[in-house]
Amino acid sequence: TFSRVVDGGKYSFEVGPSIFEGLDKPSLNPLRIVMDALGEELEVATYDGLAYWIPTSNHDATGPVRFWRFQLGDPEAPGGFYDSLREHAEDGELAIREWESLRKRLKTLGGSTTAVSLLN
């Protein structure tokens with residue numbers, strides 16, 4: 001989480017699970033679970049995209065940095081996450097399969113969190 005002051009107003013940004021889970025509706029996002037338990041509403045703005053700056057060589061982060069951005073939502077939509085993987089990964093189709101495998105595993109783990117209250 002980080003905050004910025006602009007024109008006298010303080011704006012806070014939560015950049016963890018909210019990027020993918022959101023705060024605008026019930027989800028497995030821990031912050032949203034706490035807000036729901038407290039009966040609190042939170043004014044949020046939904047991101048329409050996500051960007052990364054990644055080193056492209058020299059694993060010590062001394063190489064050139066590459067910027068890539070994709071829109072959030074349907075990963076298969078034009079300009080979505082899968083298009084970014086195809087553009088930036090050595091083997092885009094393999095990267096997509098690996099991402100889907102990770103998502104499937106996370107859904108299994110996420111299901112177990114709904115069976116156990118996170119507030120106990």
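Residue numbers 1 to 120, in this note's numbering, belong to the letters of the sequence shown in order.
We treat Cβ as the ideally placed atom computed from N, Cα and C, and that holds for glycine.
The model shown is predicted, which means the values in this text are computed figures rather than measured ones.
Endpoints, the beta strand (DSSP E) within which residue i is located
i	result
V34	No beta strand (DSSP E) contains V34, which is instead part of the alpha helix (DSSP H) from P30 to L38.
Y82	Looking at the DSSP string, Y82 is not in any beta strand (DSSP E); the run it does join, the alpha helix (DSSP H), is F81 to H88.
Contact set for residue i: own chain, Cβ-Cβ below 8 Å, skip 5 residues either direction
i	result
S3	K10, Y11, S12 and F13
V65	W53, I54, P55 and T56
W68	A51, Y52, I54, S84, E87 and H88
DSSP bridge partner residues for residue i (one or two, in chain order)
i	result
W53	F67
G9	V6
Sequence-distant residues of its chain with Cβ nearer than 7 Å to residue i (five each side left out)
i	result
G92	L85 and R86
Y82	P75, E76 and I96
Reduced DSSP secondary structure (H/G/I, E/B, other) of residue i
i	result
A77	coil
T108	helix
A45	coil
S27	coil
L102	helix
L94	helix
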